[in-house]
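Residue numbers (my numbering): 22 to 257.
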(Lines of atoms letter the chains of each structure in order from A and count residues from 1; the text may use other names and numbers.)
(Lines give C-alpha, C1' and ligand atoms only; values in the text may rest on other atoms or scores of the structure.)
Protein backbone atom coordinates (compact mmCIF):
# COMPACT_ATOMS: atom_id res chain seq x y z
CA UNK A 1 0.00 0.00 0.00
CA UNK A 2 1.92 3.00 -1.27
CA UNK A 3 -0.31 5.67 0.21
CA UNK A 4 2.21 8.48 -0.08
CA UNK A 5 2.61 8.14 -3.84
CA UNK A 6 -1.11 7.75 -4.47
CA UNK A 7 -1.75 11.01 -2.63
CA UNK A 8 1.12 12.91 -4.24
CA UNK A 9 -1.10 14.63 -6.79
CA UNK A 10 -3.60 15.62 -4.13
CA UNK A 11 -0.80 17.01 -1.98
CA UNK A 12 0.32 19.21 -4.84
CA UNK A 13 -2.97 20.46 -6.21
CA UNK A 14 -5.84 20.34 -3.72
CA UNK A 15 -6.43 22.33 -0.53
CA UNK A 16 -7.52 20.29 2.46
CA UNK A 17 -9.12 21.85 5.52
CA UNK A 18 -11.26 19.00 6.92
CA UNK A 19 -10.45 15.32 7.39
CA UNK A 20 -13.07 13.03 8.96
CA UNK A 21 -11.87 9.52 9.76
CA UNK A 22 -15.10 7.55 9.84
CA UNK A 23 -14.24 4.18 8.26
CA UNK A 24 -14.65 1.11 10.40
CA UNK A 25 -15.66 -2.54 10.67
CA UNK A 26 -17.18 -4.48 13.55
CA UNK A 27 -17.32 -8.15 14.44
CA UNK A 28 -14.79 -9.24 11.83
CA UNK A 29 -11.35 -10.82 12.35
CA UNK A 30 -9.54 -9.17 15.26
CA UNK A 31 -6.38 -8.23 13.40
CA UNK A 32 -8.34 -6.93 10.42
CA UNK A 33 -10.47 -4.84 12.78
CA UNK A 34 -7.39 -3.20 14.26
CA UNK A 35 -5.89 -2.57 10.85
CA UNK A 36 -9.03 -1.02 9.38
CA UNK A 37 -10.22 0.90 12.44
CA UNK A 38 -6.82 2.21 13.55
CA UNK A 39 -4.13 1.87 10.90
CA UNK A 40 -6.43 2.99 8.07
CA UNK A 41 -7.22 6.39 9.64
CA UNK A 42 -3.66 6.81 10.94
CA UNK A 43 -2.11 6.10 7.54
CA UNK A 44 -4.45 8.48 5.74
CA UNK A 45 -3.96 11.23 8.32
CA UNK A 46 -0.17 11.02 8.31
CA UNK A 47 -0.05 10.85 4.50
CA UNK A 48 -2.14 14.02 4.28
CA UNK A 49 -0.46 15.81 7.17
CA UNK A 50 2.12 17.64 4.99
CA UNK A 51 -0.72 19.13 2.94
CA UNK A 52 -2.64 20.10 6.05
CA UNK A 53 0.47 21.70 7.54
CA UNK A 54 1.01 23.62 4.30
CA UNK A 55 -2.58 24.88 4.46
CA UNK A 56 -1.90 26.12 7.98
CA UNK A 57 1.43 27.84 7.49
CA UNK A 58 1.50 28.90 3.84
CA UNK A 59 -2.19 29.43 3.13
CA UNK A 60 -3.18 30.55 6.66
CA UNK A 61 -6.15 28.18 6.78
CA UNK A 62 -7.73 26.51 9.79
CA UNK A 63 -7.71 22.72 9.52
CA UNK A 64 -9.77 20.17 11.43
CA UNK A 65 -9.15 16.46 11.92
CA UNK A 66 -12.13 14.60 13.36
CA UNK A 67 -11.67 11.02 14.50
CA UNK A 68 -14.93 9.11 14.88
CA UNK A 69 -14.86 6.82 17.89
CA UNK A 70 -17.51 4.97 19.86
CA UNK A 71 -18.70 4.58 23.42
CA UNK A 72 -17.45 1.00 23.00
CA UNK A 73 -13.98 2.37 23.82
CA UNK A 74 -15.09 2.56 27.46
CA UNK A 75 -14.94 -1.25 27.60
CA UNK A 76 -11.18 -1.19 27.02
CA UNK A 77 -8.73 -0.12 29.73
CA UNK A 78 -5.82 -0.29 27.30
CA UNK A 79 -4.83 -1.55 23.89
CA UNK A 80 -2.06 -3.69 25.43
CA UNK A 81 -1.61 -5.36 28.80
CA UNK A 82 1.67 -5.76 30.68
CA UNK A 83 2.32 -9.18 29.19
CA UNK A 84 1.87 -7.81 25.69
CA UNK A 85 4.38 -5.04 26.37
CA UNK A 86 7.00 -7.56 27.56
CA UNK A 87 6.93 -9.21 24.14
CA UNK A 88 10.14 -8.98 22.12
CA UNK A 89 8.18 -8.53 18.88
CA UNK A 90 8.84 -5.25 17.14
CA UNK A 91 5.15 -4.88 16.33
CA UNK A 92 2.39 -5.98 18.67
CA UNK A 93 -0.10 -6.40 15.84
CA UNK A 94 0.43 -10.16 16.18
CA UNK A 95 -1.36 -10.20 19.55
CA UNK A 96 -4.58 -9.75 17.59
CA UNK A 97 -5.46 -13.09 15.98
CA UNK A 98 -7.28 -13.72 12.73
CA UNK A 99 -10.25 -15.17 14.61
CA UNK A 100 -13.61 -13.38 14.69
CA UNK A 101 -14.06 -10.61 17.22
CA UNK A 102 -17.14 -12.25 18.72
CA UNK A 103 -17.38 -10.14 21.89
CA UNK A 104 -16.24 -6.91 20.15
CA UNK A 105 -13.38 -6.52 22.62
CA UNK A 106 -10.95 -5.76 19.81
CA UNK A 107 -13.44 -3.32 18.30
CA UNK A 108 -13.43 -1.55 21.68
CA UNK A 109 -9.62 -1.50 21.74
CA UNK A 110 -9.46 -0.17 18.18
CA UNK A 111 -11.76 2.72 19.09
CA UNK A 112 -9.70 3.48 22.20
CA UNK A 113 -6.58 3.36 20.03
CA UNK A 114 -8.04 5.90 17.61
CA UNK A 115 -8.71 8.27 20.52
CA UNK A 116 -5.12 7.77 21.66
CA UNK A 117 -3.94 8.68 18.16
CA UNK A 118 -5.88 11.94 18.55
CA UNK A 119 -4.00 12.48 21.81
CA UNK A 120 -0.70 11.96 20.00
CA UNK A 121 -1.64 14.50 17.35
CA UNK A 122 -2.71 17.12 19.88
CA UNK A 123 0.50 16.79 21.86
CA UNK A 124 3.02 16.25 19.06
CA UNK A 125 1.92 18.70 16.38
CA UNK A 126 3.76 22.06 16.47
CA UNK A 127 2.19 24.41 19.01
CA UNK A 128 1.91 27.24 16.51
CA UNK A 129 -0.16 25.28 13.97
CA UNK A 130 -3.86 25.82 13.29
CA UNK A 131 -4.82 22.17 13.17
CA UNK A 132 -7.62 21.21 15.55
CA UNK A 133 -8.00 17.55 16.46
CA UNK A 134 -11.44 16.54 17.69
CA UNK A 135 -13.06 13.24 18.69
CA UNK A 136 -16.70 12.40 18.01
CA UNK A 137 -19.18 9.69 18.93
CA UNK A 138 -22.29 9.59 16.70
CA UNK A 139 -24.10 7.22 19.05
CA UNK A 140 -25.90 3.99 18.22
CA UNK A 141 -26.80 4.65 14.59
CA UNK A 142 -28.96 2.43 12.36
CA UNK A 143 -26.37 1.85 9.65
CA UNK A 144 -25.34 -1.10 7.44
CA UNK A 145 -22.37 -1.61 9.82
CA UNK A 146 -24.73 -2.27 12.71
CA UNK A 147 -27.28 -4.25 10.68
CA UNK A 148 -24.61 -6.51 9.23
CA UNK A 149 -23.34 -7.22 12.72
CA UNK A 150 -26.68 -8.11 14.31
CA UNK A 151 -27.83 -10.15 11.31
CA UNK A 152 -30.88 -10.27 9.08
CA UNK A 153 -33.22 -11.88 11.62
CA UNK A 154 -32.68 -9.23 14.30
CA UNK A 155 -32.68 -6.47 11.69
CA UNK A 156 -36.03 -7.55 10.25
CA UNK A 157 -37.58 -7.87 13.71
CA UNK A 158 -36.43 -4.42 14.78
CA UNK A 159 -37.69 -2.86 11.58
CA UNK A 160 -41.08 -4.61 11.57
CA UNK A 161 -41.79 -3.74 15.21
CA UNK A 162 -40.61 -0.15 14.84
CA UNK A 163 -38.08 -0.66 17.60
CA UNK A 164 -35.20 0.29 15.34
CA UNK A 165 -36.28 3.92 15.22
CA UNK A 166 -36.82 3.97 18.99
CA UNK A 167 -33.53 2.39 20.00
CA UNK A 168 -31.16 3.70 17.35
CA UNK A 169 -30.38 7.09 15.85
CA UNK A 170 -30.83 7.80 12.18
CA UNK A 171 -27.68 8.67 10.20
CA UNK A 172 -28.87 12.30 10.17
CA UNK A 173 -29.13 12.31 13.97
CA UNK A 174 -25.76 10.62 14.28
CA UNK A 175 -24.13 13.24 12.07
CA UNK A 176 -24.89 15.99 14.59
CA UNK A 177 -21.76 15.18 16.56
CA UNK A 178 -19.63 15.66 13.44
CA UNK A 179 -21.43 18.84 12.41
CA UNK A 180 -20.90 20.28 15.88
CA UNK A 181 -17.17 19.56 15.62
CA UNK A 182 -17.05 21.20 12.19
CA UNK A 183 -18.82 24.30 13.53
CA UNK A 184 -16.63 24.60 16.62
CA UNK A 185 -14.68 27.89 16.74
CA UNK A 186 -11.16 27.90 15.35
CA UNK A 187 -8.26 27.54 17.75
CA UNK A 188 -5.79 24.95 19.01
CA UNK A 189 -5.61 23.09 22.29
CA UNK A 190 -4.08 19.97 23.80
CA UNK A 191 -7.37 19.45 25.63
CA UNK A 192 -9.58 16.66 24.34
CA UNK A 193 -12.94 17.74 22.94
CA UNK A 194 -15.27 14.74 22.57
CA UNK A 195 -18.43 15.57 20.66
CA UNK A 196 -21.59 13.63 21.51
CA UNK A 197 -25.25 14.48 20.78
CA UNK A 198 -24.33 17.59 18.84
CA UNK A 199 -22.06 19.19 21.43
CA UNK A 200 -18.66 18.84 23.10
CA UNK A 201 -18.35 17.44 26.60
CA UNK A 202 -19.10 13.76 26.06
CA UNK A 203 -17.46 11.30 28.44
CA UNK A 204 -14.27 9.75 27.12
CA UNK A 205 -12.18 7.44 29.28
CA UNK A 206 -9.02 8.64 31.05
CA UNK A 207 -7.12 6.02 29.04
CA UNK A 208 -8.06 7.83 25.83
CA UNK A 209 -5.99 10.82 27.04
CA UNK A 210 -3.18 8.80 28.64
CA UNK A 211 0.10 10.01 27.14
CA UNK A 212 2.07 6.95 28.23
CA UNK A 213 -0.39 4.53 26.67
CA UNK A 214 -0.59 6.68 23.55
CA UNK A 215 3.20 6.65 23.20
CA UNK A 216 3.26 2.87 23.65
CA UNK A 217 0.68 2.59 20.89
CA UNK A 218 2.91 4.66 18.63
CA UNK A 219 6.11 2.79 19.46
CA UNK A 220 4.81 -0.77 19.54
CA UNK A 221 2.15 -0.79 16.83
CA UNK A 222 1.75 2.31 14.66
CA UNK A 223 5.41 3.00 13.88
CA UNK A 224 6.48 -0.58 13.07
CA UNK A 225 3.34 -1.31 11.05
CA UNK A 226 3.64 1.85 8.94
CA UNK A 227 7.39 1.55 8.30
CA UNK A 228 7.96 1.91 4.56
CA UNK A 229 4.33 2.95 3.98
CA UNK A 230 4.14 6.50 5.27
CA UNK A 231 6.65 8.70 7.05
CA UNK A 232 6.11 9.71 10.62
CA UNK A 233 6.43 13.46 11.30
CA UNK A 234 9.75 14.76 12.57
CA UNK A 235 10.12 14.27 16.30
CA UNK A 236 7.76 11.32 16.50
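Heads up, the beta-carbon is just placed ideally off N, CA and C, and yes, glycines get one too. Fair warning: this is a prediction, and the values are worked out from it, not measured in the lab.
In the three-state reduction of the DSSP assignment, residue 187 falls in the helix class, which pools H, G and I. Under DSSP, the beta-bridge partners assigned to residue 157 are 89, 216. In this structure, residue 64 lies near residue 247, with their beta-carbon atoms less than 8 Å apart. In this structure, the CA atom of residue 186 is about 8 Å from the CA atom of residue 180. For residue 41, the uninterrupted beta strand (DSSP E) segment begins and ends at 39-42.
In the DSSP assignment, residue 121 is bridged to 50. No Cβ-Cβ contact shorter than 8 Å links residue 160 with residue 132. In the DSSP annotation of this structure, the continuous segment of the alpha helix (DSSP H) that includes residue 169 starts and ends at 165-171. Counting along the chain, residue 204 sits inside the alpha helix (DSSP H) bounded by residues 197-204. Taken through DSSP and simplified to helix, strand or coil, residue 152 comes out as strand. Two segments are said to touch when three or more pairs of C-beta atoms, one from each, lie closer than 8 Å; by this definition the stretch 218-225 does not touch the stretch 123-130.
Residue state for residue 36 is assigned as coil, using DSSP reduced to three classes.
A direct Cα-to-Cα measurement between residue 195 and residue 170 gives close to 18 Å.
Taken through DSSP and simplified to helix, strand or coil, residue 221 comes out as strand. For residue 74, the uninterrupted alpha helix (DSSP H) segment begins and ends at 61-78. Per DSSP, residue 130 is one residue of the alpha helix (DSSP H) stretching across 126-145.
Residue 97: not part of any alpha helix (DSSP H); DSSP gives it neither H nor E.
Between residue 99 and residue 153, the CB-CB gap reaches or exceeds 8 Å.
By the C-beta density criterion, residue 42 is buried, having at least 16 other C-beta atoms within 10 angstroms. The straight-line gap separating the alpha-carbon atoms of residue 91 and residue 216 is approximately 11 Å. The beta carbon of residue 230 is closer than 7 Å to those of 140, 213 in its chain, skipping five residues each way along the sequence. Collapsing the DSSP output to three states places residue 162 in a strand. Close CB contacts of residue 201 within its chain, under the 6 Å cut and outside five residues either way in sequence, are with 216, 219, 220 (chain order).
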